[in-house]
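Using this note's numbering, the first residue of the sequence shown is number 219, and each one after it goes up by one.
Remarks on the structure that follows.
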Amino acid sequence: MELRHLRYFLTVAEERQFTRAAARLHIQQPPLSQQIQELERELGFALFTRLPRGVELTSAGAAFVVDARAVLDALDQGVVNARRVANGQLGSVRIALTSSAAFHPLATAAIRQFRATHPDIAIDLNEINAADIIERMMHGRVDAGILRKPIETPAELRFDLLHEERMVLVLPVGHALLRRSKGTKTKATQATQGTRAAKQPRVPLKALAGESFIFVRRPGAPGMYADFIRACEAAGFKPDVVSEVPRMLSAINLVAAGAGITLVPASMQRYQQEAVVYCAVAGDEAFSAPLHLVTRRDAANPAALRFAQAVLAFVSPGEKGVETLDAH
């Protein structure tokens with residue numbers, strides 16, 4: 219049985235006449251009659267009762283109409299769905315973000331907009347470290363990633379800069395460096411003027427010698443602190459890393475507990491705690507935390523390609539500049 223047999227049968231069933239059905243199908247009437255007879259022989263029962271001026275469906279033929287139409291409708295819908303998959307309008311995309319990237323409002327806003335504009339694309343979203351994102355993308359287990367500054371940039375992957383912002387120092391409230399830093403305001407002044415209006419403290423780089431640092435585990439985020447460590451070494455000291463944690467929020471919490479100090483991207487100042495103060499590192503503007511979209515150059519998933527295009531279109535050129543240090 220061929221699909222054309224089903225189409226011929228349904229047309230005759232609708233027209234109740236071979237002549238009109240043949241005209242609709244753009245074929246001659248005798249070949250159409252032969253095709254219907256072949257179908258009836260294959261099925262083993264009559265589909266039509268022949269009348270002097272047309273045909274009527276038999277009981278078996280009426281039952282077969284329902285299933286034949288369902289088969290063709292399913293095929294048509296399958297073609298539509300396949301075409302939408304090929305165009306990146308239907309399907310799924312696996313996205314991975316680092317914790318600090320997930321905290322940036324640009325990343326979440328871009329994903330939210332993509333969900334709104336592509337409701338038929340399922341999103342599998344995971345938060346993992348940068349090294350794991352690269353590894354999973356290389357093995358085809360992740361379609362797109364949003365991360366900061368990886369050291370490893372395999373040729374098979376494409377890295378598009380979405381945004382660049384400053385790194386800021388995180389100190390516990392009452393730290394000795396805050397008493398010596400310029401621009402520090404009293405808590406009462408901050409309460410009066412509001413956090414945004416309060417001028418951000420600035421701490422000289424050399425003043426950080428001897429401090430205890432908490433970093434995100436460098437195997438997971440190898441590129442995040444590289445510029446800072448090099449700057450410290452150029453200033454004559456090596457940062458004393460007393461703890462490495464899996465997430466930046468964990469580092470901020472440890473700072474709040476008095477376990478040391480850390481650096482985070484400026485956008486993480488949205489994570490407000492009364493126990494910590496976010497500061498600029500004075501005298502060096504090299505500490506940045508770029509935000510990158512990572513995709514495979516040979517990506518075969520149309521939904522992933524559509525996601526990448528949507529994210530890049532979402533980010534206007536003006537948004538790729540460096541954030542101000544006292545932005546929240």
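Every residue gets a Cβ at the ideal spot worked out from N, C-alpha and C, and that includes glycine.
{"Asked": "Inter-stretch contact (C-beta, 8 Å, three-pair minimum) for the segment 424-434 and the segment 510-522", "Found": "no"}
{"Asked": "Environment of Ala415 [buried if 16+ CB atoms lie within 10 Å]", "Found": "Note that Ala415 scores 38 on pLDDT, short of 50, meaning its location in the model is unreliable; the coordinates nonetheless yield the value given after this. The residue is exposed, with fewer than 16 neighbouring Cβ atoms inside 10 Å."}
{"Asked": "Cross-strand partners of Asn344 (DSSP beta bridge)", "Found": "Ala314"}
{"Asked": "Which of helix, strand or coil DSSP assigns to Val391", "Found": "coil"}
{"Asked": "7 Å CB neighbourhood of Thr410 in its chain, flanking five on each side removed", "Found": "Residue placement at Thr410 cannot be trusted, given a pLDDT of 30 that sits under 50; the coordinates are not used to answer."}
{"Asked": "N-terminal and C-terminal residue of the beta strand (DSSP E) that Gly296 is part of", "Found": "Gly296 -> not in any beta strand (DSSP E); alpha helix (DSSP H) instead, spanning Ser277 to Ala304."}
{"Asked": "Given Phe532 as reference, the closest of Gln295, Leu221, Ala334 and Arg268 once Cα atoms are compared", "Found": "Ala334"}
{"Asked": "Buried versus exposed call for Met219 [16 or more other C-beta atoms within 10 Å across all chains shown]", "Found": "exposed"}
{"Asked": "Rounded C-alpha distance that separates Val459 from Leu389", "Found": "15 Å"}
{"Asked": "Rounded separation between Leu523 and Leu343 - CA only", "Found": "16 Å"}
{"Asked": "DSSP-derived helix/strand/coil call for Thr407", "Found": "Below a pLDDT of 50, predicted positions are generally treated as unreliable, and Thr407, at 34, falls in that range; the measurement from the model is reported next regardless. Looking at Thr407 - three-state DSSP - the assignment turns out to be helix."}
{"Asked": "Given Val482 as reference, the closest of Ala475, Ser468, Gly476 and Ala493 once Cα atoms are compared", "Found": "Ser468"}
{"Asked": "8 Å Cβ cutoff met for Asn305 and Pro464", "Found": "no"}
{"Asked": "C-beta contact flag for Ile245 and Leu315 at 8 Å", "Found": "no"}
{"Asked": "Cβ-based burial, Gln255 [other Cβ within 10 Å; buried from 16]", "Found": "exposed"}
{"Asked": "Leu379 to Ala526 span [Cα, whole Å]", "Found": "12 Å"}
{"Asked": "Tyr496 to Arg448 span [Cα, whole Å]", "Found": "21 Å"}
{"Asked": "Outcome for Arg312 when other beta-carbon atoms lying within 10 angstroms are tallied against a minimum of 16", "Found": "buried"}
{"Asked": "Inter-residue spacing [alpha-carbon to alpha-carbon] between Val421 and Pro368", "Found": "27 Å"}
{"Asked": "Sequence-distant residues of its chain with Cβ nearer than 7 Å to Tyr226 (five each side left out)", "Found": "Leu243, Leu250, Gln253 and Ile254"}
{"Asked": "Three-state secondary structure (DSSP) of Tyr443", "Found": "coil"}
{"Asked": "Inter-residue spacing [alpha-carbon to alpha-carbon] between Asp338 and Met356", "Found": "26 Å"}
{"Asked": "Start and end residues, alpha helix (DSSP H) containing Arg435", "Found": "Careful: Arg435 lies outside any alpha helix (DSSP H) and carries neither H nor E."}
{"Asked": "Ala427 - DSSP class collapsed to helix/strand/coil", "Found": "coil"}
{"Asked": "Sequence ranges, beta strand (DSSP E) only - wholly within the segment 472-499, length at least 3", "Found": "480-483"}
{"Asked": "For Val360 and Ala493, believed in contact at Cβ under 8 Å, the rounded distance", "Found": "Ala493 to Val360, Cβ: 35 Å. No contact."}
{"Asked": "Option in Pro457, Pro248 and Thr326 with minimal Cα separation from Leu423", "Found": "Pro457"}
{"Asked": "Residue environment, Glu260, which counts as buried when at least 16 other CB atoms sit within 10 Å", "Found": "exposed"}
{"Asked": "From Ala484, Cys450 and Gly478, residue whose alpha carbon lies closest to that of Ser461", "Found": "Gly478"}
{"Asked": "Residue closest to Ala475, alpha-carbon to alpha-carbon, out of Gln307, Gln491 and Ala373", "Found": "Gln491"}
{"Asked": "Same chain, Cβ closer than 6 Å to Ala444, neighbours up to 5 away in sequence not counted", "Found": "none"}
{"Asked": "Minimum C-alpha distance to Ala349 - residue among Gly358, Ala328, Ile329 and Thr371", "Found": "Thr371"}
{"Asked": "Beta-bridge pairing of Thr267 - partner residues as DSSP gives them", "Found": "Glu274"}
{"Asked": "Pair within 8 Å by beta-carbon distance, Val289 and Phe266", "Found": "no"}
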